[in-house]
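Novice: Got a structure for you, written out below as structure tokens; questions coming shortly.
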Amino acid sequence: AKFHNYLNNHGYGTASVTELDELEYQNNYRESLRNMCEHNIKNAIIAATIAKYIGVTNVQIQKCFQNYRGVKRRFEYHSDSKDLILIDDYAHHPKELKVLINSVRKLYLNRDLFLIFQPHLFSRTQKFYSDFAKALSKSDITILLSIYPAREKPIEGVSSKLIYDEMIKLDKKNIYLDE
């Protein structure tokens, strides 16, 4: 209740979380969060709102965001130059892939998206191959690697080719299968 009152007292009223996020982002943090993906921006805005609630200033929050390097393999930049932007992300579920691809598209308008994807787990691939295909079809070029089995034994008939075949059904071009 105290936090809700804090939001009301600071001009947020009954604004939705999305409106609050957008307002905070536009007013205070756009520059310091410019290379973050969408879900990390939302997490950062929530963290900033809580920090402000306990007395941290916008200047201190911005400095923290500027120094924050992220979590390994979660929208992790390996190259960010004019010629090449290379991002590593451990998106291993179709919903995560969709968020990743949408975030890259928003950050890098009019750039080709070359995506290398290695499915994680045979059971997940078996269950979600169609959803993976739909998400991966949003890239310009896709390379599918063989499934990383982790703790699982192979399942007969389950390979990256399931995703590949589904992408072909979706009339996706520029797909390469490396098995």
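Just so we're aligned, residue 12 is where the sequence shown starts under my numbering, counting upward by one.
Note that the Cβ used here is the ideal one computed from N, Cα and C, for glycine as well.
(1) Count the other CB atoms, across all protein chains shown, that sit within 10 Å of the CB of leucine 115; report buried if there are 16 or more and exposed otherwise.
(2) Among the residues of its own chain, which have a CB less than 7 angstroms from the CB of alanine 102, if the five just before and after it don't count?
(3) Under three-state DSSP, which class holds tyrosine 101?
(4) If I measure Cβ to Cβ from phenylalanine 133 and keep anything under 8 angstroms in the same chain, skipping five residues before and after, which residues do I get?
(5) Note the first and the last residue of the continuous alpha helix (DSSP H) segment covering leucine 181.
(6) Can you tell me which of Ile65, Phe125, Pro105 and Ile127 puts its alpha carbon nearest to the alpha carbon of lysine 138?
(7) Just list the beta strand (DSSP E) runs in the stretch 142 to 170, keeping only unbroken ones of 3 residues or longer that don't cross its boundaries, in chain order.
(8) Give the single residue among Lys74, Phe128 and Leu156 whose Cα lies nearest to the Cα of lysine 149.
(9) Taking 6 angstroms as the limit between beta carbons, can you name the residues of its chain near phenylalanine 143, skipping five residues before and five after?
(10) Distance check for cysteine 75 and isoleucine 61, CA to CA, integer angstroms please.
Specialist: Taking the geometry as given:
(1) Translated into positions along the sequence shown, residue 115 becomes position 104. As written in the sequence, residue 115 is valine, which differs from the leucine given in the question. That one is buried.
(2) Taking the first residue of the sequence shown as position 1, residue 102 is located at position 91. The residues are Leu108 and Leu111.
(3) Numbered from 1 along the sequence shown, position 90 holds the residue referred to as residue 101. It is coil, neither helix nor strand.
(4) Sequence index remark: in the sequence shown, residue 133 carries index 122 (1-based). Taken in chain order, the residues that qualify are Ile158, Pro160, Glu163, Lys164, Pro165, Ile166 and Val169.
(5) Here the question's residue 181 lines up with position 170 in the sequence shown. Careful: leucine 181 lies outside any alpha helix (DSSP H) and carries neither H nor E.
(6) On the sequence shown, residue 138 is found 127 positions in, with the first residue counted as 1. Measuring from the Cα of lysine 138, the nearest candidate turns out to be Pro105.
(7) 152 to 156
(8) Along the sequence shown, one-based indexing puts residue 149 at 138. The shortest Cα separation from lysine 149 among Lys74, Phe128 and Leu156 belongs to Phe128.
(9) Taking the first residue of the sequence shown as position 1, residue 143 is located at position 132. Only Pro105 and Ile174 meet the Cβ criterion.
(10) Stepping through the sequence shown from its first residue, residue 61 is reached at position 50. Stepping through the sequence shown from its first residue, residue 75 is reached at position 64. So the two alpha carbons sit approximately 14 angstroms from each other.
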